[in-house]
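Take a look at the structure set out below.
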Amino acid sequence: MKIRPPLIAVLVGISIFLCVFLFYPLAYVFKEALLPGGSFSMAFFRNLLANPIMREAIANSFMLAAVTTLLAALLAIPLALVSVRYTFPAKGLLSGLLLVPMIMPPFVGAIGMRQFLARFGSVNLLLMKIGWIDAPIDWLGAARFWGVAIVMVLHLYPVMYLNIAAALANIDPSLQEAAVNLGSNGRRLFRRVTLPLMIPGLFAGSIIVFIWALTDLGTPLVFEYRRVIPVQIFDRVTDMSSNPEGFALVVLVLALTMLIFLAGKRLFGTRAYETLAKGGARAGEKQPGLAGRILIVTAFAAVVFIALLPHIALVLTSLREKWFMTVLPESCTLSHYRNALGHKLTLPGIRNSIFLSALSTLLDLVLGVSVAYLLVRRRFKGSDILDAIVMLPLAVPGLVLAFGYVGGFAGTMLDPRENPVPLLVIAYAMRRLPYMVRAAYAGFQQVGRTLEEAAMNMGSPVPRMLRRVTMPLISANLIGGGILVFSFAMLEVSDSLILAIKERFFPITKVIYQLLHRIEDGAYVASALGVWAMVFLALSLMTAGVLLGRRMGQLFRA
Amino acid sequence: MVAVSLRAVTKRFGDTVAVDSVCLDIAKGELFFLLGPSGCGKTTILRMIAGFETPDTGEILFDERSVLELPAHRRNTGLVFQNYALWPHMTVEQNVAYGLDERRVPKAEKTERVASALNSVHMGDYARRMPNQLSGGQQQRVALARALVIEPDVVLLDEPLSNLDAQLRLKMRHEIRRIHDETGITMLYVTHDQKESLSMADTIAVMSMGLVEQVGSPRSVYRSPHNRFVADFVGETNLIPGVLSRIEGNRGRVATSIGEFLARVDQTGAAPGDRVLCMVRPECLVINPGTAENRFAAVVRRNVYLGELEQLELEAGDIGVQAVLSNPGEESFRTGKELLAGFKPDDAVILKA
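The listed protein sequences correspond, in order, to chains A and B.
Be aware that the first sequence starts at 99, since it is given in this note's numbering, and climbs by one per residue.
Be aware that the second sequence starts at 2, since it is given in this note's numbering, and climbs by one per residue.
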């Protein structure tokens with residue numbers, strides 16, 4: 099299909115947008131880190147590695163990401179295997195609940211968890227009561243690492259689970275039957291057939307989890323675990339003009355994530371065997387015996403409960419009136435909710451967030467629909483490149499982009515220190531663009547080409563054809579994707595913390611962060627605000643889930 | 002309503018030539034068929050006329066006016082899609098009214114025209130239904146009504162009956178022909194079904210690999226194919242190889258391994274001495290002919306009795322020959338029976354080998 103002038107305009111517009119707001123800030127960061135004063139130098143990296151605090155931060159971040167990935171895999175593999183192989187009571191509900199922690203913001207969960215894991219918090223008290231430990235463990239001090247890791251694992255294991263389950267579901271049952279037919283027994287079957295076929299999913303999940311854990315800013319910040327790369331970068335935003343360490347760190351993170359991401363892609367590219375065989379009925383999911391069923395249901399329910407603990411803790415914290423030396427609060431109050439809404443930062447924060455999120459959702463809708471339309475309906479030379487580029491923000495941590503924005507647009511009319519609104523909107527939109535593109539992409543694929551041709555044949559020029567036929571047919575996808583973008587933007591952490599510098603522009607997440615540190619009962623008020631946020635997020639995601647149906651899970655796969 | 006002409010139209014997709022300098026003239030009010038196997042380029046021609054593809058070279062004319070500069074939405078063609086392409090989010094009524102909305106037809110007139118279009122395809126009672134509540138045949142009718150209601154210059158039908166079951170297909174053939182005769186509209190109908198084209202068409206263009214092999218009435222395409230492809234594709238046929246020995250007027254004499262036959266030479270362009278094929282349709286064969294000119298001895302290899310017909314597989318020398326007898330009588334043709342078969346020179350055509 100020939101590309102007509104209006105489409106070229108759209109294409110050029112998208113390219114300019116991506117160049118200015120994706121490639122330029124990244125290039126700027128690279129330039130500052132590698133070309134100080136115009137000549138190539140690795141000096142900053144040498145300084146970075148010479149600094150023991152930095153070395154520690156880098157090591158910590160790696161350990162954190164590795165441990166999180168490992169624990170998430172250990173948790174997710176059995177769940178995925180069981181859910182693909184067996185039927186059990188309330189399977190739909192439990193499998194659905196299993197995914198809930200993924201969409202719960204770890205940032206607010208961490209606030210609750212911090213209370214739970216306090217020196218005389220619920221966990222220590224409970225463990226002492228049971229008699230497993232004698233003295234309280236200092237989760238928030240020496241063992242802070244594990245506190246952060248636990249919150250991250252509980253947040254990220256569903257990503258791993260989704261990817262593994264998808265790989266397992268793709269295995270044609272006839273492959274397994276063939277192995278059994280050739281004489282494999284259960285254990286050998288797992289080792290020789292199931293495991294190798296599961297590995298692509300395991301890898302895909304691991305890559306996402308690893309990058310996420312490596313670059314998450316909110317969780318370590320709430321735990322005051324400052325010796326990790328993201329927090330170190332965050333600390334250098336304010337003095338980035340005088341201290342180039344931040345740039346070097348950002349380049350390091352970016353290089354690492356890109357490397358991991360590309361390695362992963364390369365690996366799957368050469369190993370496209372997981373969907374070799376197709377067709378045939380799904381292997382009958384087996385029904386285990388009564389004991390097995392009880393075991394499975396209990397295990398699933400337990401995982402869901404544990405995974406939601408941070409958020410349960412958050413609710414309890416927000417309700418507490420007196421809570422000292424007991425597992426659960428002694429008495430409850432709603433006053434924190436009133437205080438939360440009454441604080442001078444709160445209402446403007448909510449207003450800012452809604453405004454910013456709405457604008458970024460709108461921007462993503464326009465961009466996502468245009469890109470998806472070009473990709474699905476107008477395959478052209480280079481459309482594969484466009485496809486790859488719009489997926490790139492998945493591999494660019496929010497932290498990196500925000501840092502690039504602050505540096506790259508300093509002194510321009512977009513300077514976030516003056517007015518962060520345009521860049522916040524763009525940052526939110528850029529980060530979630532891949533999801534929107536995928537949602538719209540799926541929509542366009544479902545709408546048959548001939549339905550559009552029929553409209554043109556009946557006399558509609560392309561814009562009216564899109565408005566009267568295509569858009570109504572893909573509206574469910576667009577609304578679902580839009581809600582996803584909106585709710586993620588409402589609870590976005592790194593961009594908000596870094597880009598919003600003046601108080602009157604604070605979005606809700608930065609307000610929560612500020613409350614946490616500023617006032618005497620900050621933690622409780624922040625929790626109350628976090629609960630408001632969670633309720634809001636849950637409602638919008640439920641709506642998105644209804645609209646997107648099964649397709650929602652696909653958005654989180656690599 | 003317009004006459005549609007293609008002048009040396011060529012369309013390539015990558016390295017394959019989908020349509021190879023095709024010339025066609027579709028007269029005003031004609032029901033014109035493009036017949037050919039899948040991949041022969043017939044649908045590409047239809048899509049070029051509708052404006053969904055652009056020819057690499059050549060011209061497409063509506064009444065001598067080039068339409069190549071007109072985008073699809075301004076061609077005023079009514080396209081009936083193979084999969085119907087009814088919009089699932091609109092009622093039957095809204096589907097049919099769509100083209101009238103685009104043409105800014107006043108409301109009262111629109112209502113009336115939609116109703117009369119639906120009535121003409123016997124779907125008047127289904128106006129408020131959604132497309133997914135209709136059967137395949139009903140969807141087909143709605144698609145037809147949608148294309149007709151805008152009073153297009155030409156109606157384009159892309160294998161419209163291929164998704165229907167055999168019985169419905171027969172019924173819809175009559176329906177479409179009736180609608181054509183009532184409206185007198187120019188129609189271009191694309192199909193690979195030779196029965197459909199023979200029974201419905203005013204004119205048939207037989208296509209193969211991007212080329213138009215022959216254009217003519219159903220009768221001439223069936224009885225006087227210009228080449229082996231057309232003979233094979235339109236109906237069953239016997240092709241007896243031989244050498245053209247003499248031409249006498251419009252008759253040619255062919256020497257074959259099972260005898261010397263007289264047949265029409267028509268437009269085949271064969272000259273004496275050429276290797277040729279003597280084409281004769283199975284139903285033109287006569288068993289135990291009187292003193293017919295073209296006679297040969299054969300043995301029955303197989304027979305299938307169908308009531309109104311009887312199919313015989315004969316073997317003459319080393320050549321297999323098919324015969325179909327209408328109104329078969331008491332005589333039985335068991336395997337191994339020896340007999341004489343023959344055909345009239347008028348029923349046979351000489352083709353280039």
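C-beta atoms are modelled at their ideal positions from N, C-alpha and C, and glycine is treated no differently.
message = Assuming residue 8/B and residue 59/B are in contact, meaning their beta carbons sit under 8 Å apart, how far apart are those beta carbons, in whole angstroms?
response = Residue mapping note: residue 8/B aligns to position 7 of the second sequence, counting from 1. Residue mapping note: residue 59/B aligns to position 58 of the second sequence, counting from 1. Going by Cβ atoms, the distance from residue 8/B to residue 59/B rounds to 6 Å, so yes, they are a contact pair.
task = Taking 7 Å as the cut-off, decide whether the C-beta atoms of residue 5/B and residue 222/B are in contact.
result = Position 4 of the second sequence, counted from the start, is the residue given in the question as residue 5/B. Position 221 of the second sequence, counted from the start, is the residue given in the question as residue 222/B. Not a contact, by the Cβ cut-off of 7 Å.
DSSP-derived helix/strand/coil call for residue 259/B = As a working note, residue 259/B is residue 258 in the second sequence. Of the three classes helix, strand and coil, the one that applies to residue 259/B here is coil, per DSSP.
key: Buried versus exposed call for residue 197/B [16 or more other C-beta atoms within 10 Å across all chains shown]   = Within the second sequence, residue 197/B is the residue found at index 196, counting from 1. The residue in question, residue 197/B, is buried, as its Cβ has 16 or more Cβ neighbours within 10 Å.
query = If we count Cβ pairs, one from each stretch, closer than 8 Å, do we get three or more for the segment 181 to 193 of chain A versus the segment 305 to 323 of chain A?
reply = no
request  = For residue 336/B, count neighbouring C-beta atoms within 10 Å of its own C-beta (all shown protein chains included) and say buried if the count is 16 or more, exposed if not.
outcome  = Against the second sequence, residue 336/B aligns to sequence position 335. Classification of residue 336/B: exposed, given that the 10 Å Cβ count is below 16.
request  = Starting from residue 305/A, trace the alpha helix (DSSP H) both ways and give me its first and last residue.
outcome  = The residue labelled residue 305/A in the question sits at position 207 within the first sequence. Its alpha helix (DSSP H) spans residues 293 to 313.
key: 7 Å Cβ cutoff, residue 74/B in contact with chain A   = Here the question's residue 74/B lines up with position 73 in the second sequence. Taking Cβ atoms only, chain A reaches closer than 7 Å to residue 74/B, which makes this a yes.
request  = Tell me whether residue 211/A sits in a helix, a strand or coil according to DSSP, three-state version.
outcome  = Residue mapping note: residue 211/A aligns to position 113 of the first sequence, counting from 1. Looking at residue 211/A - three-state DSSP - the assignment turns out to be helix.
query = In chain B, what lies closer than 9 Å to residue 673/A by C-beta?
reply = The structure shown does not extend to residue 673/A, since chain A is modelled only from 99 to 656, so the question has no answer here.
key: Whole-angstrom distance between residue 304/A and residue 289/A, CA atom to CA atom   = For the purposes of this step, residue 289/A is taken as the residue at position 191 of the first sequence. For the purposes of this step, residue 304/A is taken as the residue at position 206 of the first sequence. So the two alpha carbons sit approximately 20 Å from each other.
key: Close Cβ partners of residue 325/B (< 6 Å) along its chain, the five nearest in sequence each way excluded   = Along the second sequence, one-based indexing puts residue 325/B at 324. Here the set comprises 283, 284, 310 and 312.
message = For residue 395/A, which residues in the same chain have their Cβ closer than 8 Å to its Cβ, ignoring the five residues on either side in sequence?
response = Within the first sequence, residue 395/A is the residue found at index 297, counting from 1. The answer, listed in chain order, is 186, 187, 188 and 192.
request  = Kindly indicate if chain B contains any beta-carbon less than 7 Å away from that of residue 551/A.
outcome  = Here residue 551/A refers to the residue found at position 453 of the first sequence. Yes, residue 551/A lies at the interface with chain B (some Cβ there is under 7 Å from its Cβ).
task = Say whether chain B places a C-beta atom closer than 7 Å to the C-beta of residue 472/A.
result = As a working mapping, residue 472/A is identified with position 374 in the first sequence. Not one chain B Cβ lies under 7 Å of residue 472/A.
message = Any beta carbon of chain A sitting closer than 7 Å to that of residue 404/B?
response = Outside the displayed range of chain B (2 to 354) lies residue 404/B, so it cannot be described from this structure.
ask   = With 7 Å set as the bound, which would you pick, yes or no: does the beta-carbon of residue 481/A sit closer than that to a beta-carbon of chain B?
value = Within the first sequence, the letter at position 383 stands for residue 481/A. For residue 481/A, the answer is no, since every Cβ of chain B falls outside 7 Å of its Cβ.
Best match in 140/A, 442/A and 152/A for proximity to residue 612/A [C-alpha to C-alpha] = As a working note, residue 612/A is residue 514 in the first sequence. Residue 442/A is the option with its Cα nearest to residue 612/A.
query = In chain order, what residues of the same chain have a beta carbon less than 8 Å from the beta carbon of residue 454/A, not counting five sequence neighbours either side?
reply = Along the first sequence, read from residue 1 onward, the residue named residue 454/A stands at position 356. These residues qualify, in order along the chain: 519, 522, 523, 526, 587 and 605.
query = Over what stretch of residues does the beta strand (DSSP E) that includes residue 6/B continue unbroken?
reply = The count along the second sequence starts at 1 and reaches residue 6/B at position 5. First-last of the beta strand (DSSP E) with residue 6/B: 5 to 14.
request  = Could you tell me if residue 111/B is buried or exposed, where buried requires 16 or more neighbouring beta carbons within 10 angstroms of its beta carbon?
outcome  = As a first step, residue 111/B is located in the second sequence; it is residue number 110 there, counting from the start. Under this definition residue 111/B is a buried residue.
query = Who are the near neighbours of residue 350/A in its chain, counting only those whose CB is closer than 8 Å to its CB and skipping five residues on each side?
reply = Counted from its first residue, the first sequence places residue 350/A at position 252. Cβ within range, chain order: 143, 146, 156 and 327.
query = Count the other CB atoms within 10 Å of the CB of residue 373/A; is the residue buried (16 or more) or exposed (fewer)?
reply = Position 275 of the first sequence, counted from the start, is the residue given in the question as residue 373/A. Unreliable positioning characterises residue 373/A in this predicted model, as indicated by a pLDDT of 35, which lies under 50. The coordinate reading is nonetheless provided below. Result: exposed.
query = Can you round the beta-carbon distance between residue 476/A and residue 105/A to whole angstroms, since I take them to be within the 8 Å contact cut?
reply = Counting from 1 along the first sequence, the entry for residue 476/A is found at position 378. Counting from 1 along the first sequence, the entry for residue 105/A is found at position 7. About 6 Å; that satisfies the 8 Å criterion.
query = Quick one: what's got a C-beta closer than 8 Å to residue 655/A's C-beta in the same chain, skipping five residues either side?
reply = In the first sequence, the residue the question calls residue 655/A occupies position 557. In this predicted model, residue 655/A has a pLDDT of only 46, less than 50, meaning its place in the structure is not dependable enough to derive any value.
request  = Please determine, among 146/B, 68/B, 263/B and 200/B, the residue with the shortest C-alpha to C-alpha distance to residue 171/B.
outcome  = Locating residue 171/B in the second sequence gives position 170, where the first residue counts as 1. The shortest C-alpha separation from residue 171/B is found at 200/B.
query = Taking DSSP as the reference, what is the three-state secondary structure of residue 242/B?
reply = For the purposes of this step, residue 242/B is taken as the residue at position 241 of the second sequence. DSSP places residue 242/B in strand when its eight states are reduced to three.
ask   = So, residue 352/B versus residue 286/B, is the Cβ gap smaller than 7 Å?
value = As a working mapping, residue 352/B is identified with position 351 in the second sequence. As a working mapping, residue 286/B is identified with position 285 in the second sequence. No, the Cβ-Cβ distance between residue 352/B and residue 286/B is not below 7 Å.
message = Following a CB-centred definition, is residue 30/B positioned closer than 6 Å to any heavy atom of the ligand ADP?
response = In the structure shown, the ligand ADP is absent, as is every other ligand, since no ligand is present at all.
inquiry  = Residues of chain A with CB closer than 9 Å to the CB of residue 51/B, please, in chain order.
reply    = Here residue 51/B is taken as the residue at index 50 of the second sequence, counted from 1. In chain order: 551, 554 and 555.
ask   = Below 7 Å between beta carbons: does that hold for residue 437/A and residue 623/A?
value = Here residue 437/A refers to the residue found at position 339 of the first sequence. Here residue 623/A refers to the residue found at position 525 of the first sequence. Yes, these two residues count as a Cβ contact at 7 Å.
query = So does the segment 332 to 341 of chain A actually touch the segment 152 to 167 of chain A, counting three or more Cβ pairs closer than 8 Å?
reply = no
Chain-ordered chain A contacts of residue 378/B [CB-CB under 7 Å] = The question about residue 378/B has no answer here: the residues shown for chain B are numbered 2 through 354.
inquiry  = Would residue 17/B and residue 191/B be called neighbours here (beta carbons separated by less than 7 Å)?
reply    = For this step, residue 17/B is matched to residue 16 along the second sequence. For this step, residue 191/B is matched to residue 190 along the second sequence. Their beta carbons are not under 7 Å apart, which means residue 17/B does not touch residue 191/B by this criterion.
inquiry  = Strictly under 7 Å for the Cβ-Cβ distance: is residue 104/A near chain B by that measure?
reply    = Within the first sequence, the letter at position 6 stands for residue 104/A. Chain B, which has no Cβ nearer than 7 Å to the Cβ of residue 104/A, makes this no.
request  = Classify residue 195/B as buried or exposed, calling it buried when 16 or more other Cβ atoms lie within 10 Å of its own Cβ.
outcome  = Residue numbering aside, residue 195/B sits at position 194 when the second sequence is read from its first letter. Label assigned to residue 195/B: buried.
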